[in-house]
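Protein chains: 2
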Amino acid sequence: MEIPVVRNVLEANAKMADHVRGLLGGRGILTLNLISSPGAGKTSLLEKTLTDLGGEFRMAVVEGDLQTDNDARRVAATGAQAVQINTDGGCHLDSNMVLSALESLKLDDVDILFIENVGNLVCPVEFDCGEDAKVALLSVAEGDDKPEKYPLLFNLAKVLVLNKTDLLPHVDFDMGRARRFATRLNRDLEIFEVSCRTGDGLCAWYDWLRGMRRAKKEGGSAAGFASA
Amino acid sequence: MEIPVVRNVLEANAKMADHVRGLLGGRGILTLNLISSPGAGKTSLLEKTLTDLGGEFRMAVVEGDLQTDNDARRVAATGAQAVQINTDGGCHLDSNMVLSALESLKLDDVDILFIENVGNLVCPVEFDCGEDAKVALLSVAEGDDKPEKYPLLFNLAKVLVLNKTDLLPHVDFDMGRARRFATRLNRDLEIFEVSCRTGDGLCAWYDWLRGMRRAKKEGGSAAGFASA
Numbered sequence: 001m002e003i004p005v006v007r008n009v010l011e012a013n014a015k016m017a018d019h020v021r022g023l024l025g026g027r028g029i030l031t032l033n034l035i036s037s038p039g040a041g042k043t044s045l046l047e048k049t050l051t052d053l054g055g056e057f058r059m060a061v062v063e064g065d066l067q068t069d070n071d072a073r074r075v076a077a078t079g080a081q082a083v084q085i086n087t088d089g090g091c092h093l094d095s096n097m098v099l100s101a102l103e104s105l106k107l108d109d110v111d112i113l114f115i116e117n118v119g120n121l122v123c124p125v126e127f128d129c130g131e132d133a134k135v136a137l138l139s140v141a142e143g144d145d146k147p148e149k150y151p152l153l154f155n156l157a158k159v160l161v162l163n164k165t166d167l168l169p170h171v172d173f174d175m176g177r178a179r180r181f182a183t184r185l186n187r188d189l190e191i192f193e194v195s196c197r198t199g200d201g202l203c204a205w206y207d208w209l210r211g212m213r214r215a216k217k218e219g220g221s222a223a224g225f226a227s228a
Numbered sequence: 001m002e003i004p005v006v007r008n009v010l011e012a013n014a015k016m017a018d019h020v021r022g023l024l025g026g027r028g029i030l031t032l033n034l035i036s037s038p039g040a041g042k043t044s045l046l047e048k049t050l051t052d053l054g055g056e057f058r059m060a061v062v063e064g065d066l067q068t069d070n071d072a073r074r075v076a077a078t079g080a081q082a083v084q085i086n087t088d089g090g091c092h093l094d095s096n097m098v099l100s101a102l103e104s105l106k107l108d109d110v111d112i113l114f115i116e117n118v119g120n121l122v123c124p125v126e127f128d129c130g131e132d133a134k135v136a137l138l139s140v141a142e143g144d145d146k147p148e149k150y151p152l153l154f155n156l157a158k159v160l161v162l163n164k165t166d167l168l169p170h171v172d173f174d175m176g177r178a179r180r181f182a183t184r185l186n187r188d189l190e191i192f193e194v195s196c197r198t199g200d201g202l203c204a205w206y207d208w209l210r211g212m213r214r215a216k217k218e219g220g221s222a223a224g225f226a227s228a
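Residue numbers (the numbering used here), protein chains in the order written: chain A, 1 to 228; chain B, 1 to 228.
Printed below as a string of structure tokens:
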């Protein structure tokens with residue numbers, strides 16, 4: 001009795017996600033959905049990216065949280081457009097929430113839109129928000145077994161940002177093991193090792209963003225958006 | 001249309017949870033439901049506890065994971081009884097899953113039962129599994145803002161274990177801020193600062209377990225089980 005209900009929810013979400021993707025894609029906006037556990041560093045990655053690439057791209061952020069507008073205030077402090085969605089206890093964003101949030105943004109002034117999902121390695125993965133690609137984050141403090149234990153995100157993401165590499169000397173994290181598990185789930189996964197605290201490794205992430213944005217502007221074929 | 005469906009799910013779960021609580025309570029078993037983000041250290045806390053208190057109590061573990069039986073194998077290596085629930089993508093355990101898992105345990109040989117929930121700071125909080133108390137874990141690598149951003153768990157838990165204190169010199173974590181947020185949500189919250197890596201602080205957690213187990217054996221009134 002329950003399975004059809006869930007399927008309908010996901011089908012309705014997928015339809016609305018396609019609408020959101022069309023609306024943003026029509027403007028050439030590259031849209032990325034950031035998904036991770038709480039505290040893996042999504043907001044820190046955005047703060048760094050918005051600051052360092054602020055002269056190159058016009059960026060905006062849709063922030064998802066159960067409560068508070070702390071994160072939207074953190075990213076807005078960089079000068080980027082930001083809008084906060086409070087799910088009031090809800091465990092993920094969906095495409096309809098994102099569509100509502102877009103009303104608060106000046107989309108004509110946006111090159112790249114980041115959706116920062118609720119901190120949760122499970123539920124947000126199932127809900128397409130109209131993005132071009134999902135970006136998975138994992139902090140090395142969480143352990144190298146997480147791709148194996150929470151496979152769906154690593155299977156569906158286009159990119160994995162391994163964050164907090166400055167903690168590597170202080171935690172039991174085998175980088176080779178994490179990479180092996182992740183690429184076994186997804187052969188095409190691009191992996192960046194970064195520390196948002198020290199700035200190490202962010203250049204490669206920025207270059208990837210530049211390439212994605214260029215491909216999006218040129219019509220999307222190069223980056224394989226058709227399969228997004 | 002959707003709200004009544006959710007309410008029925010939670011009502012059915014609550015009824016089954018009371019059944020589980022009765023079944024375990026009738027045997028004097030203290031039951032604790034461990035909830036945290038992925039990688040906060042639930043399994044590590046169990047490994048330490050099962051090893052250090054193995055001579056004092058007969059302990060068993062119900063392990064919840066989306067995939068793999070890695071964690072059940074880790075805790076079984078200490079000699080404790082362990083059973084793995086794979087939710088196959090599901091984001092939380094519920095009381096019916098726990099009831100099924102109990103069939104694999106010799107309950108006459110158990111003083112303390114730990115339920116290690118799926119790593120998720122949101123969904124597991126809503127599903128009573130028949131426990132006497134919820135134990136929240138938070139790694140200091142996740143940031144001191146998590147109680148404010150994910151309030152329900154900290155509101156409902158009886159205990160907060162702040163883990164990975166060995167990383168404090170290397171992360172931006174304000175212990176006073178985390179404690180303030182958490183106790184604002186829950187004045188009676190007991191907080192233990194521990195490092196499962198070094199063993200620091202575990203004594204206080206063990207003493208709390210001893211007190212809870214004693215109260216449970218004596219009928220449950222001292223520790224306020226009536227309100228669990």
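From the three backbone atoms N, C-alpha and C, an ideal C-beta is built for every residue, glycine too.
The model shown is predicted, which means the values in this text are computed figures rather than measured ones.
Extent of the continuous alpha helix (DSSP H) to which residue i belongs
i: alanine 141 of chain A; result: Here alanine 141 of chain A belongs to no alpha helix (DSSP H), and DSSP marks it neither H nor E.
i: threonine 51 of chain A; result: 42 to 52
i: aspartate 207 of chain A; result: 202 to 217
i: alanine 101 of chain B; result: 95 to 102
i: leucine 152 of chain B; result: 151 to 156
C-beta neighbour in chain A for residue i, strict 8 Å
i: glutamate 11 of chain B; result: no
i: alanine 226 of chain B; result: Below a pLDDT of 50, predicted positions are generally treated as unreliable, and alanine 226 of chain B, at 44, falls in that range; no measurement from the model is reported.
i: alanine 141 of chain B; result: yes
i: aspartate 174 of chain B; result: no
i: cysteine 91 of chain B; result: yes
i: glutamine 84 of chain B; result: no
Min CB distance residue i to chain B below 8 Å
i: histidine 19 of chain A; result: no
i: proline 151 of chain A; result: yes
i: glutamate 148 of chain A; result: yes
i: cysteine 123 of chain A; result: yes
i: glycine 119 of chain A; result: yes
First through last residue of the beta strand (DSSP E) which encompasses residue i
i: glutamate 190 of chain A; result: 190 to 193
i: glycine 64 of chain B; result: 59 to 65
i: asparagine 120 of chain A; result: That residue, asparagine 120 of chain A, is in no beta strand (DSSP E); it is neither H nor E in DSSP.
i: threonine 31 of chain B; result: 30 to 35
Straight-line Cα distance separating residue j from residue i
i: methionine 97 of chain B; j: alanine 204 of chain A; result: 44 Å
i: glycine 22 of chain B; j: leucine 160 of chain A; result: 45 Å
i: aspartate 207 of chain B; j: lysine 42 of chain B; result: 18 Å
i: arginine 197 of chain A; j: leucine 138 of chain A; result: 14 Å
i: proline 151 of chain B; j: leucine 53 of chain B; result: 31 Å
i: glutamate 11 of chain A; j: threonine 165 of chain A; result: 38 Å
i: leucine 46 of chain B; j: methionine 59 of chain B; result: 10 Å
i: glutamate 19 of chain A; j: glutamate 116 of chain A; result: Sequence inspection shows histidine at residue 19 of chain A; the glutamate mentioned does not correspond to that position. Between histidine 19 of chain A and glutamate 116 of chain A, the C-alpha separation is close to 19 Å.
i: valine 83 of chain A; j: aspartate 94 of chain A; result: 15 Å
Where residue i sits in the DSSP three-state scheme
i: alanine 80 of chain B; result: coil
i: lysine 134 of chain A; result: strand
i: valine 110 of chain B; result: coil
i: valine 171 of chain B; result: coil
i: arginine 163 of chain B; result: Strictly speaking, residue 163 of chain B in this sequence is asparagine, with arginine absent from that position. Strand.
i: methionine 16 of chain B; result: helix
i: asparagine 86 of chain B; result: strand
i: aspartate 71 of chain A; result: helix
i: leucine 105 of chain A; result: coil
Of the listed residues the options, nearest to residue i (C-alpha basis)
i: aspartate 174 of chain B; options: B/Pro147, B/Lys158, B/Asn155; result: B/Pro147
i: asparagine 8 of chain B; options: B/Val118, B/Gly26, B/Glu126; result: B/Glu126
i: aspartate 210 of chain A; options: A/Ile35, A/Gly55, A/Glu47, A/Ala14; result: At residue 210 of chain A the sequence reads arginine, which differs from the aspartate that was named. Here the closest residue by C-alpha is A/Gly55.
i: leucine 32 of chain B; options: B/Lys217, B/Met212, B/Gly219; result: B/Met212
i: leucine 99 of chain A; options: A/Lys15, A/Lys216, A/Ala215, A/Asp200; result: A/Lys15
i: valine 75 of chain B; options: B/Ser44, B/Asp88, B/Val140; result: B/Ser44
i: asparagine 86 of chain B; options: B/Leu66, B/Leu107, B/Ala80, B/Leu93; result: B/Leu66
i: phenylalanine 57 of chain A; options: A/Thr78, A/Val83, A/Leu121, A/Val118; result: A/Thr78
Any non-hydrogen atom of the ligand COA closer than 7 Å to residue i Cβ
i: arginine 27 of chain A; result: In terms of ligand content, the structure shown is empty, and the ligand COA therefore cannot be addressed.
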